[in-house]
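S.K.:
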Amino acid sequence: MNAWAVQVIGRNNKFYYYAPVRHNSGQMAIGVRVSNNILGLYKDVLGKPLVTNNEFDPTVFIDDDRNPNLWYMKLNQDMISYSGSRTKITLTTTGFGTPTSGNSRKPTTFEEGPWFYKCNNLYYLVYAANYCSENIQYHGPYTRGVIMVMEGAIFNNYPRLIDFGGNSHFFYNNGALQGGSRYTCSVAVKQFVYNSDGLIPMIKMLTAGAPQISTMNPYVCQEAETMAWSSGIEVEVCSKQGMDVGSIDNGDYIKIKGGAFCSRAKSFSACVASANSSGSIEIRLGSATGTLVSTCTVSGTGRWQTWTTVTCPVNGATRMQDLFLWFTGSGTSYLFNVKLVAV
Numbered sequence: 308m309n310a311w312a313v314q315v316i317g318r319n320n321k322f323y324y325y326a327p328v329r330h331n332s333g334q335m336a337i338g339v340r341v342s343n344n345i346l347g348l349y350k351d352v353l354g355k356p357l358v359t360n361n362e363f364d365p366t367v368f369i370d371d372d373r374n375p376n377l378w379y380m381k382l383n384q385d386m387i388s389y390s391g392s393r394t395k396i397t398l399t400t401t402g403f404g405t406p407t408s409g410n411s412r413k414p415t416t417f418e419e420g421p422w423f424y425k426c427n428n429l430y431y432l433v434y435a436a437n438y439c440s441e442n443i444q445y446h447g448p449y450t451r452g453v454i455m456v457m458e459g460a461i462f463n464n465y466p467r468l469i470d471f472g473g474n475s476h477f478f479y480n481n482g483a484l485q486g487g488s489r490y491t492c493s494v495a496v497k498q499f500v501y502n503s504d505g506l507i508p509m510i511k512m513l514t515a516g517a518p519q520i521s522t523m524n525p526y527v528c529q530e531a532e533t534m535a536w537s538s539g540i541e542v543e544v545c546s547k548q549g550m551d552v553g554s555i556d557n558g559d560y561i562k563i564k565g566g567a568f569c570s571r572a573k574s575f576s577a578c579v580a581s582a583n584s585s586g587s588i589e590i591r592l593g594s595a596t597g598t599l600v601s602t603c604t605v606s607g608t609g610r611w612q613t614w615t616t617v618t619c620p621v622n623g624a625t626r627m628q629d630l631f632l633w634f635t636g637s638g639t640s641y642l643f644n645v646k647l648v649a650v
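All residue numbers for the sequence shown refer to the numbering used here, where the first residue is 308 and numbers rise by one.
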């Protein structure tokens with residue numbers, strides 16, 4: 308599927324996934340899928356596009372009056388149909404600025420990936436601007452400004468801004484992970500504070516990420532894809548619902564930040580699957596090569612989505628620790644998949 312910048316929004320205990328895709332006619336169309344769980348699976352409830360207009364990258368917004376809008380048209384309360392005609396928004400250099408030198412393909416700086424939202428009774432439109440490579444600009448209270456200049460190795464930089472845990476967070480794309488390049492993006496987040504007048508400050512790409520809001524409870528089952536950092540792995544759809552960590556090779560790892568070991572951990576368990584013969588999960592503290600406190604052997608289960616639980620003793624995990632799962636094994640194919648972890 309040739310999908311572009313998607314957006315998910317919740318309403319009435321359901322989640323709506325709006326995706327711009329290439330229609331069989333060759334034009335761009337916007338489709339919608341629905342799920343009872345934000346993790347999926349999302350189902351096509353229309354069997355056709357919500358709208359076919361050869362445009363892309365929708366942004367969906369529900370205002371205080373509870374009326375939803377797909378940026379340029381009014382959605383009905385069911386979120387899968389719309390009322391009235393679509394509104395064309397004319398882009399002008401007065402509103403969006405003159406594109407950078409050499410970028411004659413668009414009349415203004417506006418490129419793609421818009422995000423429309425409201426914060427402290429002020430409305431904001433944030434978007435990727437200027438073609439190849441993109442910076443992040445916005446329209447806020449009485450002004451247009453730049454949030455992030457062109458940085459990094461990537462071409463696409465789609466912004467998202469949300470409030471969570473009493474703090475504001477800016478999500479953006481970079482190419483910092485292994486294999487990152489112009490079209491191979493990874494998602495990064497930076498905590499920020501609005502200026503007193505509501506304007507958004509300039510933000511630079513960083514490797515540290517946002518500060519941790521709360522600790523991770525290692526004594527309950529955590530989804531394996533709940534990670535602060537990773538190397539080599541991929542995340543895929545799981546037969547047990549949700550996602551799992553897969554495409555694991557020897558030497559790959561995931562980092563779980565801020566595990567609160569309030570009492571001495573005695574064992575480690577993981578829900579795993581493998582179509583191959585064997586491999587191991589090394590549980591290390593502090594870094595990918597830090598103190599080894601346990602090793603779990605993973606045997607073949609016959610299929611990549613046939614799951615079993617492996618358990619191994621733990622010795623030495625106390626206090627607040629970053630937990631690293633270091634994957635080892637031999638052979639040229641992937642080792643195993645991981646769904647859940649706990650101590």
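All residues carry an ideal CB built from backbone N, CA and C; glycine is no exception.
#1: Quick check on the DSSP output: the beta strand (DSSP E) that includes T416 runs from which residue to which?
#2: In the DSSP assignment, find the alpha helix (DSSP H) that holds G553 and state where it starts and stops.
#3: I'd like to check one pair, Y438 with M455: are the Cβ atoms closer than 9 Å?
#4: As a quick exercise: from G597, T359, T394, pick the residue whose alpha carbon is nearest that of R329.
#5: Could you give the DSSP three-state label for G404: helix, strand or coil?
#6: Using the DSSP secondary-structure output, state which residues sit across from P327 in a beta bridge.
#7: Let me confirm a value: A310 is counted as buried when at least 16 other C-beta atoms fall within 10 Å, else exposed. Which label applies?
#8: Do you know offhand how far I561's Cα is from T598's?
#9: Between the Cα of N474 and the Cα atoms of S585, E530, K497, Y465, which residue gives the shortest distance?
#10: Please state whether DSSP places I443 in a helix, a strand or coil.
#11: Can you tell me whether D372 is buried or exposed, with buried defined as 16 or more other CB within 10 angstroms of its CB?
#12: Give the single residue among P375, G333, Y324 whose Cα lies nearest to the Cα of V339.
#13: For W311, report the span of its beta strand (DSSP E) as first-last.
#14: For F368, collect the residues of the same chain with a Cβ closer than 6 Å to its Cβ; drop the 5 residues on either side in sequence, then sort them by chain order.
#15: Taking the CB atoms as reference points, tell me whether V605 and R591 lie closer together than 9 Å.
#16: Return the chain-ordered ranges of every alpha helix (DSSP H) run that is complete within the stretch 557-612 and spans a minimum of 4 residues.
#17: Evaluate V621 with the Cβ neighbour count: other Cβ atoms within 10 Å of its Cβ, from every protein chain shown; 16 or more gives buried, anything less gives exposed.
#18: Rounded to whole angstroms, what is the Cα-Cα separation between I396 and Y379?
#19: What does the alpha-carbon distance come out to for the pair R318 and I469?
M.R.: From the atom records:
#1: Counting along the chain, T416 falls outside any beta strand (DSSP E), and DSSP gives it neither H nor E.
#2: For G553, no alpha helix (DSSP H) run applies; the uninterrupted beta strand (DSSP E) run containing it begins and ends at 550-553, by DSSP.
#3: no
#4: T359
#5: coil
#6: The partner list for P327 (beta bridge, DSSP) reads I337.
#7: exposed
#8: 15 Å
#9: K497
#10: strand
#11: exposed
#12: Y324
#13: Premise fails: W311 is in no beta strand (DSSP E) and is neither H nor E.
#14: N376, F423
#15: no
#16: none
#17: Buried.
#18: 7 Å
#19: 17 Å
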